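Under the numbering used here, the final residue of the sequence shown carries the number 637; numbering is consecutive throughout.
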Amino acid sequence: MKSNKQNDNLSQSPNFNWSSFLWTLGILLILNSLVFPYLFRQKIIPTTYSSFINKVDSGLIKQVNIDGKKIYFTTPDGSVDKQGKPIDALYQTGKMNDANLVDRLLEAESPNENGKIEFTETIPRENSPILTFLLYWVLPGVIFYFIWKSAMKSMGGRIGGNYMSFGKNKEKIYAEDEIKTTFADVAGQEEAKESLSEIVDFLHNPKKYSEIGASLPKGVLLVGPPGTGKTLIARAVAGEAKVPFFALSGSEFVQMFVGMGAAKVRDLFSQANKKAPCIVFIDEIDAIGKKRDRMSSNDEREQTLNQLLTEMDGFDGKKGVVILAATNRPESLDKALLRPGRFDRRVQMELPDLEGRKAILEVHLKKVKHVEIDSDLIARATSGASGAEIANIVNEAALRAVRQNRTSVSTADLEESIETVIAGAQRKGKVISDEEKQVIAYHEIGHAMVAAMQTHSAPVHKITIIPRTSGALGYTMQIDSGERNLYSKEDLENRIATLTGGRAAEEVIFNRITTGASNDIEQATKIARAMITRYGMSDEFDMVALETVNNPYLGSDTSLTCSANTAAQVDEVVLSIVKKAHEKAKKIIKDNEAKMHELSKYLIEKETITGDEFMEILERK
17 MKSNKQNDNL SQSPNFNWSS FLWTLGILLI LNSLVFPYLF RQKIIPTTYS SFINKVDSGL
77 IKQVNIDGKK IYFTTPDGSV DKQGKPIDAL YQTGKMNDAN LVDRLLEAES PNENGKIEFT
137 ETIPRENSPI LTFLLYWVLP GVIFYFIWKS AMKSMGGRIG GNYMSFGKNK EKIYAEDEIK
197 TTFADVAGQE EAKESLSEIV DFLHNPKKYS EIGASLPKGV LLVGPPGTGK TLIARAVAGE
257 AKVPFFALSG SEFVQMFVGM GAAKVRDLFS QANKKAPCIV FIDEIDAIGK KRDRMSSNDE
317 REQTLNQLLT EMDGFDGKKG VVILAATNRP ESLDKALLRP GRFDRRVQME LPDLEGRKAI
377 LEVHLKKVKH VEIDSDLIAR ATSGASGAEI ANIVNEAALR AVRQNRTSVS TADLEESIET
437 VIAGAQRKGK VISDEEKQVI AYHEIGHAMV AAMQTHSAPV HKITIIPRTS GALGYTMQID
497 SGERNLYSKE DLENRIATLT GGRAAEEVIF NRITTGASND IEQATKIARA MITRYGMSDE
557 FDMVALETVN NPYLGSDTSL TCSANTAAQV DEVVLSIVKK AHEKAKKIIK DNEAKMHELS
617 KYLIEKETIT GDEFMEILER K
């Protein structure tokens, strides 16, 4: 195993760039042959021929070198070096037609020890070979090394990594003994685990499948909303199979320069083939796998996608290399990526049901100290929550217990953390006037009253008028007694009536309206419109689909697929549904006005009441 890790490190080291090396070497040679000799040579002082003759007559000349049409001579400049030796100045002048020059030089005096001028060929003074090597080769090399290193670091910081390693991946490689995650750590996704267990079995017993002629699926696409555990279950597959695990994101293939993403794909599959059997996990594959169109032809992303398609076609599935990919936008993926032979299998990672939420809750409760927890209540209260959200709720409950100086988590902590996630933390310091508090109390009791007086409505669990950081001044929490997957037309109409109950209470009790019902109005309108355009719950349009859902796992945005005249008719029907529910809510409030006053007074006093307290006062005669 140690050798494998060493190989991984070697595989991730950047390639040696010969182009950069040759450029650096060429610049170094030019500087060494032209620039540095000029910088290090002795400085030559130009002068006139008459000045030269005057210095000869004055006995100041030490050496003379007649080189063609130029005369070089040296004289003491009056200074000394560190060793106390005099320093000579080098002069240059032009050669004149002077027949007596040699005689004059022979007769002249000189500062030399023998008192004579040396005017034969000047012997050049050479530096020490070691000094020459250090100055001309080692020193420039060191300087350019640091310059080059600094430039590479600066460039790498600007473009997200070392440009010398564009063709290499930075994926996380986990050895088989490093992955501790198993299917036991994945709760609430039993169907997905059953589908993926076949891959684990193939990696353990490939002969069993090869004997019958079956081959392992090349790719498995994990599809589902964010937070449902796609990455977790991919790690669990590797942990169960006891094979190496390659993990990287689709965005890591998107590069600044054309062709680099494709090079990363080639490098990834090359490493995977060397480590086979193994599992390669590409998270958010929609970053490189989007549908191709004419507008984006021949761009970097498309080249990367084409390379991925080619590599998936090229590698042998019998080696045991499994490609797992995750996305929450399957509708945006290219059809060539989804055909059989590439991503052969699609595994749905849906939001957990009631039993799934219980299982997820139990998994995360093992990580914190807790007393006996009503897991059924918490599971029902977290309807529509993902596994990641449940994990966050448990963590928020643990933090609340610590803030209150307790050593264990209780059911009350979990309930409060659910409310924190839904509506935000409490704002007990917010100042609300008595008049506004009264309006808020009647508003929330109006919701609860309409819900309690209707059949097929979820029971009231909690009512509060404590402001929240989300902006809500109060809220009414309803929790179904069980898991519901289907809703009738009557159920949705009752839901709309409950949403209008707050505004109805304001109208009946105070004979005026406030801005507190803005969110209620939005939700009621959304439900009423869906009843007509998606669920076919109107006589006017019967079972005609009038809108489509975009990105079902990311917000479920909708768009109308009808004419402008039809859209206007839809608006009229939506208005009639909401108005009918509003009138129903006002009638319920008027019929129970006395109880409204009693319950609102109690809520103002307590600020928060439970569903049991509410029902006790409501049923009291």
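Glycine residues also receive a C-beta, built at the ideal position from the N, C-alpha and C atoms.
It should be emphasised that the depicted structure is a prediction, and the values quoted were computed from it without experimental measurement.
Item: Whole-angstrom Cβ separation of Asp283 and Leu321, contact assumed at under 8 Å?; Value: Wrong, their Cβ atoms sit about 16 Å apart, outside the cutoff.
Item: Counting beta carbon pairs with one atom in the segment 517-536 and one in the segment 571-581, are three or more of them shorter than 8 Å?; Value: no
Item: Leaving out the 5 sequence neighbours to the left and right, which residues in its chain are closer than 6 Å to Ile298 when beta-carbon positions are compared?; Value: Gly266 and Ala341
Item: Straight-line CA distance for Glu62 to Lys101?; Value: Note that residue 62 is Pro in the sequence shown here, rather than Glu. About 24 Å.
Item: Taking Glu522 as the reference, which of Gly245, Ala583 and Ile456 has the closest Cα?; Value: Ile456
Item: Pull up the distance between the alpha-carbon of Gly330 and that of Glu207, whole angstroms please.; Value: 30 Å
Item: From the DSSP output, in three-state form, read off Asn566 for me.; Value: strand
Item: Got a sec? Which residues, its chain only, sit under 6 Å from Ala439 by beta carbon, not counting five neighbours each side?; Value: Arg484, Ser486, Ala488 and Tyr491
Item: Kindly indicate which three-state DSSP category Asp119 falls into: helix, strand or coil?; Value: helix
Item: Going by C-alpha to C-alpha distance, which of Ala279, Gly157 and Ala397 sits closest to Trp645?; Value: The chain is shown only over 17 to 637; residue 645 falls outside these bounds and no answer can be derived.
Item: Expressed to the nearest angstrom, what Euclidean distance is found between the alpha-carbon atoms of Asn510 and Gln470?; Value: 7 Å
Item: Report the option in Val202, Ala257 and Ala520 whose CA atom is closest to the CA atom of Ala533.; Value: Ala520
Item: Can you have a look at Met328 and say buried or exposed, based on whether 16 or more other CB atoms are within 10 angstroms of its CB?; Value: buried
Item: State the Cα-Cα distance for the pair Asp392 and Lys374, rounded to the nearest angstrom.; Value: 7 Å
Item: So, helix, strand or coil for Met493, using DSSP?; Value: strand
Item: On the three-state DSSP scale, how would you describe His472?; Value: coil
Item: So, are the CB atoms of Thr304 and Val270 less than 9 Å apart?; Value: The amino acid at residue 304 is misidentified as Thr; the sequence shows Ile. Going by C-beta atoms, Ile304 is nearer than 9 Å to Val270.
Item: What three-state label does DSSP hand Ile15 in the structure shown?; Value: Nothing in the structure corresponds to residue 15, since the chain is present only between 17 and 637.
Item: Please go through the segment 57-86 and give each complete alpha helix (DSSP H) segment of 4 or more residues, from N-terminal end onward.; Value: 65-73
Item: What's the C-alpha gap between Ile593 and Leu570?; Value: 28 Å
Item: If you measure between the beta carbons of Lys385 and Val425, is that distance less than 9 Å?; Value: yes
Item: For the 8 Å Cβ check, are there 3 or more pairs between the segment 398-414 and the segment 217-228?; Value: no
Item: With DSSP collapsed to three states, give me the class of Met106.; Value: The residue you asked about is not Met; residue 106 is Leu in the sequence shown. In the structure shown, Leu106 sits in a strand (DSSP, three-state: E or B).
Item: Among the residues of its own chain, which have a CB less than 8 Å from the CB of Val72, if the five just before and after it don't count?; Value: Arg120, Leu121, Ala124 and Ile133
Item: By the three-class DSSP mapping on this structure, what secondary structure does Ser575 have?; Value: strand
Item: Using DSSP's beta-bridge definition, name the partner residues of Phe160.; Value: DSSP, once it has assigned bridges, lists no residue as partnering Phe160.
Item: According to DSSP, is Gly532 part of a helix, a strand, or is it coil?; Value: helix
Item: What residue range does the alpha helix (DSSP H) around Arg419 cover?; Value: Gly403 to Arg419
Item: Could you give the DSSP three-state label for Glu621: helix, strand or coil?; Value: helix
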